[in-house]
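Below is one structure, written out as structure tokens, with a few remarks after it.
Below, the structure is given as structure tokens:
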């Protein structure tokens, strides 16, 4: 019998896309690939190496090279994560049983659907398209307050009013 792994598309450290395996057999909260952590310059909070155990009988004990902290974004829901760094992890990120329990993840293997009940969102599996509304928000031009006001005033002057312009505020959580 075979089934597809529950690999989801996430964003970490200021929007970098990463693949995360939801691993029901992992007793650790989270693991991140050592090379990815270095590439993204994730904040290292502990540099001490430690033996974590093994992922399978064939691999033997796995060593963590340290602990990093970063923000994990899943379909608009953000969470601060502390994760062990491990060399040659396979996927960018492993999310283990403690993470699954804390976020009340519901995985339906038959339909390949993952519900993040703490955040109230459905997670996208790797390879699934982002919903159109989420894509539009990500592609929108975001401005701090002062430049926004300047552009808005300039647009009003050129159009003799506000015709043709709409101002809206929305977050991914609202979708």
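Numbering (the numbering used here), first residue to last: 345 to 519. Cβ coordinates follow ideal geometry from the N, Cα and C atoms, glycine included.
- Cβ-Cβ distances below 8 angstroms link residue 371 to 397, 440, 441, 442 in the same chain, with the five nearest sequence neighbours on each side left out; the list follows chain order.
- The C-beta of residue 452 has fewer than 16 other C-beta atoms within 10 Å across all chains shown, which makes the residue exposed.
- Contact between residue 470 and residue 352 holds: CB atoms are separated by about 6 angstroms, below the 8 angstroms threshold.
- By the C-beta criterion, the segment 457–466 is judged not to be in contact with the segment 372–391, since fewer than 3 inter-stretch pairs fall below 8 angstroms.
- Counting along the chain, residue 423 sits inside the beta strand (DSSP E) bounded by residues 421–430.
- In the structure shown, residue 379 falls within a helical segment according to DSSP collapsed to helix, strand and coil.
- Here the C-alpha atom of residue 437 lies approximately 16 angstroms from the C-alpha atom of residue 422.
- With respect to the C-alpha of residue 362, the residue from 383, 492, 447 having the closest C-alpha is 383.
- In the DSSP assignment, residue 407 falls within the unbroken beta strand (DSSP E) covering 406–418.
- Residue environment for residue 503: exposed (fewer than 16 other C-beta atoms within 10 angstroms of its C-beta).
- Look at residue 502 here: in three-state DSSP terms it is helix.
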